[in-house]
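A quick write-up on the structure given underneath.
In our numbering, the protein residues as written are 703 to 872.
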């Protein structure tokens, strides 16, 4: 075996029914009010969303939902999420889904604590702070669950850009 060094400050919990730990883990990382961010029908139809939300309730956390993430997550939903988080005083973003959902959650988390347009981060501005981001991963493909990167599609012009920073690492 070759020698190598691995660095990942992301906390991972693996195993059957680990979604039942979502509430306790979110609380451990400072959550009191959570944005549950997800994609389409499968999170609801499978019962996963219900199990995650039951875990949040069991941990004494309140939450709001924002679904509708599509592949190649769109800036419009990010703006909605930022507005919702500010209005509801959310302090933790929980992505339930795959890479697109996680990327969208990261963008929301960065945008909530920024006075300007979140798109500035996707135009080269450094992300200095963000709400904590957690994930309940449904498909391991993009690697967003352990990376400081996020890719968003801007609807005006339909072009994709990336942003990165340790502040948005789950």
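Built from N, CA and C at the ideal position, the CB exists for glycine as well.
Fair warning: this is a prediction, and the values are worked out from it, not measured in the lab.
By the Cβ-count criterion, residue 775 is buried, with 16 or more other Cβ atoms from all chains shown falling within 10 Å of its own Cβ. In this structure, the beta-carbon distance from residue 752 to residue 743 does not fall below 9 Å. Shortest Cα-Cα distance from residue 770 to any of 820, 850, 833 and 799 involves 799.
The three-state secondary structure of residue 780, taken from DSSP, is helix. DSSP lists 796 as the beta-bridge partner residues of residue 836. Of all alpha-carbon atoms in 853, 711 and 789, the one lying nearest the alpha-carbon of residue 808 is that of 853.
Residue 728 places its beta carbon less than 9 Å from that of residue 761. DSSP, reduced to helix, strand and coil, places residue 803 within a helical segment of the structure shown.
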